[in-house]
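A.B. asks:
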Amino acid sequence: ELPPINADFYGMEYKLSAEDQALLLRIRTFLETEIKPLVNNYWLHDEFPFEIIPKLAALNICGYTYEGYGCAGGKSLMDGIIAAEFGRIDPSIATFLGVQSGLAMGSIYTCGSEEQKDEWLPQMQQFKKIGAFGLTEPEVGSGAAGGLTTTCRQTAEGWVLNGQKKWIGNATFSDITIIWARDLADGEVKGFIVRKENPGFHVEKIKGKMALRIVQNGLITLTDCVVPEHDRLPHANSFKDTAKVLQMTRAGVAWMAVGCARGAYENALEYTLKRKQFGKPIASFQLIQNHLVEMLSNLTSMQTLVFRLSELQDEDKLRDEHASLAKVFCTLRTRDIVSRAREVMGGNGILLEYNVARFLADAEAIYSYEGTKEINSLIVGRSITGFSAFV
Ligand code: FAD
60 ELPPINADFY GMEYKLSAED QALLLRIRTF LETEIKPLVN NYWLHDEFPF EIIPKLAALN
120 ICGYTYEGYG CAGGKSLMDG IIAAEFGRID PSIATFLGVQ SGLAMGSIYT CGSEEQKDEW
180 LPQMQQFKKI GAFGLTEPEV GSGAAGGLTT TCRQTAEGWV LNGQKKWIGN ATFSDITIIW
240 ARDLADGEVK GFIVRKENPG FHVEKIKGKM ALRIVQNGLI TLTDCVVPEH DRLPHANSFK
300 DTAKVLQMTR AGVAWMAVGC ARGAYENALE YTLKRKQFGK PIASFQLIQN HLVEMLSNLT
360 SMQTLVFRLS ELQDEDKLRD EHASLAKVFC TLRTRDIVSR AREVMGGNGI LLEYNVARFL
420 ADAEAIYSYE GTKEINSLIV GRSITGFSAF V
């Protein structure tokens with residue numbers, strides 16, 4: 060009989076209401092029975108499992124914190140726990156959900172008109188329409204705030220968009236992509252709902268990724284792509300509005316990293332309890348226990364940090380620097396945890412079937428997207444010193 064693996068070491072989940080604990084259990088069971096058996100194969104083949112979409116819709120968790128439009132109007136804390144639970148089983152599927160629920164729906168919820176919200180949010184909540192979020196460009200990543208080169212220009216026919224967007228998650232099959240472009244008239248960043256059938260909108264799949272391989276990332280080319288005024292997000296009038304969406308989604312990425320780290324830790328612990336060398340389980344060796352305790356210490360500190368982060372969100376006190384600090388800390392610690400998880404598994408640690416190699420690779424992408432360590436550190440650094448050190 061093996062000891063129980065409880066990666067919620069300080070019992071944070073017991074702080075949830077009975078109703079939320081029941082929801083967590085439902086999601087955990089779904090992910091373990093319906094998603095876990097699929098992911099290694101899809102990851103290996105760099106493909107997305109479209110058959111899971113109706114099942115995700117049935118969970119009724121997309122756009123979890125939004126009020127109205129078919130959304131649950133739930134707490135950020137539970138939304139974070141859901142993101143971690145997805146990350147614990149597969150960071151790619153967690154990212155798919157993060158793009159749909161956070162980046163795409165969040166842009167419309169935060170910056171859209173009532174008509175746009177009515178048109179898109181209920182359908183997206185049920186995954187009847189899929190969304191993407193196009194900010195990054197081939198030559199502009201970290202410097203998006205001041206450096207976007209994709210342009211928009213208002214004409215009698217509508218807005219004309221030109222430029223390219225790189226790395227755009229879900230874009231190969233999304234119905235709409237939120238495109239962020241600089242207005243040639245006033246120089247400000249504006250947001251647009253661009254439909255896949257818009258003439259001048261072209262997507263190419265990015266191939267050869269070594270992380271988050273289930274997520275389908277696209278390179279979008281906009282060539283005189285005409286978008287009607289009614290598809291412009293009326294409350295997106297500068298990069299500050301884009302940043303409001305990113306603040307929320309960065310908190311989600313911190314949670315997702317907690318899940319990724321937890322998944323790797325749990326699988327590694329289980330392995331060390333079963334694997335024998337020198338006639339004993341490797342978990343009985345001091346040096347292996349040291350790795351396990353380092354992993355658990357980091358994981359527990361991440362869990363307590365994101366709990367408070369979401370409380371701040373629910374108290375409406377979340378600032379950019381709070382989200383950035385959590386994003387940096389959690390993704391950095393996750394990198395350490397997944398690397399130790401692989402190490403204690405020896406050679407089997409690099410085989411997909413042992414369920415740690417995927418986390419090891421995926422942690423690299425989570426570490427870099429939604430603002431790298433450097434960019435999020437600079438956001439925190441600016442807040443605590445008063446000096447902006449970006450340029
Ligand atoms: P760069 O900006 O070129 O940075 C390279 C290095 O330079 C980094 O280490 C960076 O920290 C460092 N650096 C840059 N500026 C500074 C500075 N001032 N001081 C110190 N160091 C600095 N984007 C979207 O818009 N939508 C998506 O759906 C999306 N999904 C993604 C999915 C994946 C798997 C990946 C990998 C990326 C995704 N991205 C997406 C893009 C992602 O947000 C960018 O990769 C990220 O912001 C970093 O930009 P970059 O890759 O161009 O790196």
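Numbering (full-length UniProt numbering), first residue to last: 60 to 450. Cβ atoms here follow ideal geometry from the backbone N, Cα and C, with glycine treated the same way. Predicted model, so just to flag it, every value in this text is computed and none were measured.
Compute the beta-carbon to beta-carbon distance between Trp218 and Glu174, rounded to the nearest angstrom, for a pair I have assumed lies under 8 Å.
C.D. replies: With a Cβ gap of about 17 Å, Trp218 and Glu174 do not count as contacting.
A.B. asks: Here's a check: name, in chain order, each residue in its chain whose Cβ is nearer than 6 Å to the Cβ of Pro181, leaving out the five neighbours to either side.
C.D. replies: These residues qualify, in order along the chain: Tyr128 and Gly129.
A.B. asks: How about Ala191: is its Cβ closer than 7 Å to a heavy atom in ligand 1?
C.D. replies: Ala191 Cβ: within cutoff of ligand 1.
A.B. asks: Confirm the yes/no value for this check: CB of Thr208, any heavy atom of ligand 1, distance under 7 Å.
C.D. replies: Answer for Thr208: no, Cβ out of range of ligand 1.
A.B. asks: Taking C-alpha atoms, which residue in Tyr413, Leu358 and Leu411 lies nearest to Met71?
C.D. replies: Considering only alpha carbons, the answer is Leu358.
A.B. asks: Roughly how many angstroms lie between the CA atoms of Gly408 and Met354, to the nearest whole one?
C.D. replies: For Gly408 and Met354, the distance between alpha carbons rounds to 15 Å.
A.B. asks: Please give me, in chain order, every unbroken run of the alpha helix (DSSP H) with length at least 4 that falls completely inside the stretch 329 to 392.
C.D. replies: The qualifying runs are 345 to 373.
A.B. asks: May I ask which residues mark the beginning and end of the beta strand (DSSP E) holding Asp283?
C.D. replies: Here the beta strand (DSSP E) through Asp283 covers Asn276 to Val286.
A.B. asks: Nearest-angstrom Cα distance between Asn99 and Glu110?
C.D. replies: Going from the Cα of Asn99 to the Cα of Glu110 covers about 15 Å.
A.B. asks: If you follow the alpha helix (DSSP H) that Val439 is part of, which residue opens it and which one closes it?
C.D. replies: Residues Lys432 to Thr444.
A.B. asks: Which first and last residues belong to the beta strand (DSSP E) in which Gly190 is found?
C.D. replies: Start and end: Gly190 to Gly193.
A.B. asks: What are the start and end residues of each continuous alpha helix (DSSP H) run of 4 or more residues lying completely inside the stretch 144 to 168, in chain order?
C.D. replies: For the stretch 144 to 168, whole alpha helix (DSSP H) runs of length 4 or above, ordered along the chain, are 150 to 156.
A.B. asks: Could you tell me which whole beta strand (DSSP E) segments of length 3 or greater appear in the stretch 208 to 252?
C.D. replies: Those beta strand (DSSP E) runs which fall completely within the stretch 208 to 252 and span 3+ residues are 210 to 214, 217 to 228 and 235 to 242.
A.B. asks: With a threshold of 7 Å, establish whether the CB of Phe109 neighbours any heavy atom of ligand 1.
C.D. replies: Not so, every heavy atom of ligand 1 lies at least 7 Å from the Cβ.
A.B. asks: Using only the alpha-carbon positions, how far apart do Val304 and Ala116 sit?
C.D. replies: Distance between the alpha carbons of Val304 and Ala116 is about 23 Å.
A.B. asks: Check whether the Cβ of Tyr426 sits closer than 7 Å to any heavy atom of ligand 1, and report yes or no.
C.D. replies: Tyr426: no, Cβ never under 7 Å from ligand 1.
A.B. asks: Ligand 1 heavy atoms versus the CB of Glu433: any closer than 7 Å?
C.D. replies: Within the cutoff, so yes.
A.B. asks: Would you kindly check if the distance between the Cβ of Ile141 and the Cβ of Ile120 is under 8 Å?
C.D. replies: Against a cut-off of 8 Å, the Cβ pair of Ile141 and Ile120 comes out as a contact.
A.B. asks: With H, G and I counted as helix, E and B as strand and the rest as coil, what does DSSP make of Phe418?
C.D. replies: Residue state, collapsed to three classes: helix.
A.B. asks: Per the DSSP calculation, Lys176 is bridged to which residue(s)?
C.D. replies: According to DSSP, Lys176 bridges with nothing at all.
A.B. asks: Taking the straight line between their C-alpha atoms, what separation do you get for Thr280 and Ala204?
C.D. replies: Each residue's Cα considered, the two are about 20 Å apart.
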